[in-house]
Amino acid sequence: MSDIPSELKYSKEHEWVRIDDDGHAIVGITDHAQELLGDMVYVELPEVGTNVAVEDETGVVESVKAASDVYAPVSGEIIEVNEDLVDEPENINSQPYEGGWLYKVELANESDVDELLTADEYADLIADE
Amino acid sequence: MPFIPHSAKDLDVMLDTIGIDSIDDLFDEIPTEIQAQGLDKVPTALPEMHLGKLMNQRASMDDGYVCFMGAGCYEHHIPAAVWDIAMRGEFLTAYTPYQAEASQGTLQLIYEFQSNIANLTGLYAANASLYDGASGVAEAILMAVRANRKAKSRRVLVAGSLHPRYRQVVRSIVESQHIEIVEVDYDHDHGVMDLAAFQAYEAEPFAGVVIQHPNFFGNMESVDQLTDWAHSKNALMIAVTNPLSLTLMKPISDWGEKGADIAVGEGQPLGIPMASGGPHYGFMACTQAIVRQMPGRIIGKTVDLDGNPGYTLTLQAREQHIRRAKATSNICTNQGLAVTASTVHMAIMGAEGLARVATACIKNTQKLVEAITKIAGVSVVFNGPRFHEAVVSIANVDVEAVIQGMTDRGIIPGFYLGEHYPELADALLVCATEMRTDDDIALYVETLKDVLNQSGGEEN
Chain A
80 MSDIPSELKY
90 SKEHEWVRID
100 DDGHAIVGIT
110 DHAQELLGDM
120 VYVELPEVGT
130 NVAVEDETGV
140 VESVKAASDV
150 YAPVSGEIIE
160 VNEDLVDEPE
170 NINSQPYEGG
180 WLYKVELANE
190 SDVDELLTAD
200 EYADLIADE
Chain B
523 MPFIPHSAKD
533 LDVMLDTIGI
543 DSIDDLFDEI
553 PTEIQAQGLD
563 KVPTALPEMH
573 LGKLMNQRAS
583 MDDGYVCFMG
593 AGCYEHHIPA
603 AVWDIAMRGE
613 FLTAYTPYQA
623 EASQGTLQLI
633 YEFQSNIANL
643 TGLYAANASL
653 YDGASGVAEA
663 ILMAVRANRK
673 AKSRRVLVAG
683 SLHPRYRQVV
693 RSIVESQHIE
703 IVEVDYDHDH
713 GVMDLAAFQA
723 YEAEPFAGVV
733 IQHPNFFGNM
743 ESVDQLTDWA
753 HSKNALMIAV
763 TNPLSLTLMK
773 PISDWGEKGA
783 DIAVGEGQPL
793 GIPMASGGPH
803 YGFMACTQAI
813 VRQMPGRIIG
823 KTVDLDGNPG
833 YTLTLQAREQ
843 HIRRAKATSN
853 ICTNQGLAVT
863 ASTVHMAIMG
873 AEGLARVATA
883 CIKNTQKLVE
893 AITKIAGVSV
903 VFNGPRFHEA
913 VVSIANVDVE
923 AVIQGMTDRG
933 IIPGFYLGEH
943 YPELADALLV
953 CATEMRTDDD
963 IALYVETLKD
973 VLNQSGGEEN
């Protein structure tokens, strides 16, 4: 069974969102997603300063068997990316919700977060797959 | 699995299984405006017997000439063993190695090819080949735009001293992907790129710069200065080159402080016959930083569970069978057989042998230039260091008529430049490879004199 922390919000494309103390959205891919993809070998991160809208492509995660686009779960400006993943993409496998985070967004619409799934809703979604 | 065409019944079963009515439905996702609505310019099929006659007739049109034309395709000696080995059934019939474990021989050969190209260019990695030099430049431009996200630009500056037909192919391929090609004129006095000409376009950002070295005219560009300038503007440097020239010149990785980022070119000079213009192949190499944006197939060397060496397809996630529409390119192994011959050619010739060929070409072209510029009215257009081609002008005659006159007498005297460069309407690009003897050069001189005298006589 995948780990689905209750305090996070989720997208249908298997991204998670955490709102930090400054009100910024931190984005990563879920434990379920990393399990499906397998061992990560490469991450293409978005450029800091890029403005993204919900569902825009914001990079690629590549595993030994597949490459998958990452979609923006929220709108706003990319203000930071997890540079550690360039050398250690496996952090996405080992700690998807901590060291495996992808990028941080300055929210354009805080209401985007309300549109996302709760942990229970996301658990139902992946149970149906 | 037998490789035989599907019967109508097979097709019906397959269509039924996936739940569609016709094969056309498979192409629904392609917008109708870019679908080919019938190929009315393609002639109908010919029986094998007729086709064989037609191709023999066309091939015979190339026979019997002494060739002094290069312009991207060169007559070099190819040891008989090269194609004897390449045409062995094991190589000849092998197709793209999807089943890597069953294709170790093909994979090893491609790995050796890549290693040779990486050695020649000095760059980190090479791919398994491209279709040809021209489309290779287009692929390099697409790659540079993908890789250079910092530039936030789809504009690329291209040297006017790049092969004019390469520039045409580049436009055909990349402009439909909304990439802006800016052609920067060359210095008409020296036949090379002047940094100031590029700098005139630097106000707007650009993702890459393309130069050819030795350039289309055979001249040497200021590669260090141009590469450092491109990098100072956050652009990637694409080096178009002749692989034979790399046996004598410093590697692409040593251009400027950081080296060029992508090397690309036509592989024909390495063991591929001119063959009426093809099939040839393109090669490409790049730095480690952008290797994941390289198009095409890459073969890697690894070990199996028992520690035995083995070869494998690597970085496949960039490729179309995994990434579909988002693949770096639609190209695969491409010109596998040409690459096979080229790899054998490089192995037989060796680094020293290839360097001797390059040296002989330089000397022969120099001899040719010295001999023909003794004729009144014939002069060399650009002075300066050059590889194995030179631009020569002939005053006060119709140069195209001179070329035709010499061709009628069995000599292909060079490539007419006026078609692509109006300022060179009286000039042709000449080349004498290691295949041209002193007698050939003497024949060129006598024939040219003869044709010039005749055309002069007609005018009088």
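Going down the list, the sequences are from chains A and B.
Read left to right, the first sequence gives residues 80 to 208 (my numbering).
Read left to right, the second sequence gives residues 523 to 982 (my numbering).
All residues carry an ideal CB built from backbone N, CA and C; glycine is no exception.
Determine whether the beta carbon atoms of residue i and residue j lie at a separation below 8 angstroms.
i	j	result
I844 (chain B)	P817 (chain B)	no
G102 (chain A)	E94 (chain A)	no
H910 (chain B)	T887 (chain B)	yes
L876 (chain B)	T769 (chain B)	yes
P765 (chain B)	H598 (chain B)	no
S81 (chain A)	A198 (chain A)	no
P801 (chain B)	Q721 (chain B)	no
L652 (chain B)	Y803 (chain B)	yes
Y966 (chain B)	I925 (chain B)	no
V914 (chain B)	V952 (chain B)	yes
V131 (chain A)	A151 (chain A)	yes
V127 (chain A)	I158 (chain A)	yes
A112 (chain A)	A839 (chain B)	no
L859 (chain B)	A608 (chain B)	yes
I774 (chain B)	T643 (chain B)	yes
L115 (chain A)	V140 (chain A)	no
P873 (chain B)	E956 (chain B)	As written in the sequence, residue 873 (chain B) is Ala, which differs from the Pro given in the question. No, the pair does not count as a contact, with Cβ atoms beyond the cut-off.
A893 (chain B)	I812 (chain B)	no
Y89 (chain A)	Y201 (chain A)	yes
R814 (chain B)	L835 (chain B)	no
G138 (chain A)	L181 (chain A)	yes
C595 (chain B)	M796 (chain B)	yes
S142 (chain A)	V120 (chain A)	yes
Near residue i, what residues of its chain come up, given a Cβ to Cβ distance below 6 angstroms and the 5 sequence neighbours on each side ignored?
i	result
N982 (chain B)	Per-residue confidence for N982 (chain B) stands at a pLDDT of 39, beneath the threshold of 50, marking its modelled position as unreliable; the derived number appears in the next sentence. So the list is empty, once near-sequence residues are dropped.
E743 (chain B)	V714, M715, I733, H735, N737
I632 (chain B)	A650, I821
I784 (chain B)	A662, I760, C808
L758 (chain B)	A666, N670, G730, D783
G592 (chain B)	E911, C953
I600 (chain B)	G793
P727 (chain B)	A673, S675
N756 (chain B)	K672, A673
E980 (chain B)	Here E980 (chain B) scores only 48 on pLDDT, less than 50, and its place in the model should not be relied on; the value that follows carries that caveat. Once the five neighbours on either side are set aside, E980 (chain B) has no close Cβ partner at all.
D135 (chain A)	A151
For residue i, which residues in the same chain have their Cβ closer than 8 angstroms to its Cβ, ignoring the five residues on either side in sequence?
i	result
M548 (chain B)	For the sequence presented, residue 548 (chain B) should be read as Leu rather than Met. Hits under 8 angstroms: I542.
D203 (chain A)	none
Y723 (chain B)	L679, V704, V706
V165 (chain A)	V122, L124
L946 (chain B)	V903, V913, S915, L939, G940
P831 (chain B)	K823, T824, V825
By Cβ distance, which residues of its chain are closer than 7 angstroms to residue i, with the 5 residues on each side in sequence left out?
i	result
A187 (chain A)	S154, G155
V696 (chain B)	A660, I663, L664, I703
E779 (chain B)	D750
R687 (chain B)	A656
D191 (chain A)	V133, V153, S154
L645 (chain B)	I774, S775, A785, A807, C808, T809
D948 (chain B)	S915, I916, A917, V921
D99 (chain A)	I105
E92 (chain A)	Y150
Give the C-beta separation of residue i and residue j to the nearest angstrom, bearing in mind that I take them to be a contact with Cβ-Cβ under 8 angstroms.
i	j	result
S864 (chain B)	G787 (chain B)	About 12 angstroms separates the two Cβ atoms, so there is no contact after all.
A656 (chain B)	I760 (chain B)	Not quite, the Cβ-Cβ distance comes to about 13 angstroms (not below 8 angstroms), so this is no contact.
G682 (chain B)	D707 (chain B)	5 angstroms
I884 (chain B)	K971 (chain B)	Rounded, the Cβ-Cβ distance is 25 angstroms, inconsistent with contact.
A880 (chain B)	S767 (chain B)	6 angstroms
T929 (chain B)	F613 (chain B)	Not confirmed; about 36 angstroms, so no contact.
E585 (chain B)	S798 (chain B)	The amino acid occupying residue 585 (chain B) in the given sequence is Asp; Glu does not appear at that position. So it is not a contact: roughly 10 angstroms between Cβ atoms.
Is the CB of residue i under 8 angstroms away from at least one CB in chain E?
i	result
Q857 (chain B)	Absent here is chain E; the protein component of the structure consists of chains A and B.
If the cut-off is 7 angstroms on Cβ atoms, which residues from the region 114-147 of chain A count as contacting chain B, listed in chain order? Y121, E126, E141, A145, A146
Any contact between the region 860-878 of chain B and the region 625-640 of chain B? By contact I mean 3 or more CB pairs, one from each, below 8 angstroms. yes
For the region 791-822 of chain B, which residues have a beta carbon sitting closer than 7 angstroms to at least one beta carbon of chain A? R814
Going along the region 662-685 of chain B in order, which residues come within less than 9 angstroms of chain A, judged by CB to CB distance? Those would be R671, K672, K674, in chain order.
Determine contact between the region 835-851 of chain B and the region 909-924 of chain B, defined as no fewer than three beta-carbon pairs at a distance below 8 angstroms. no
Give the residues from the region 838-868 of chain B that approach chain A closer than 7 angstroms (Cβ to any Cβ), ordered along the chain. A839, I844, R845
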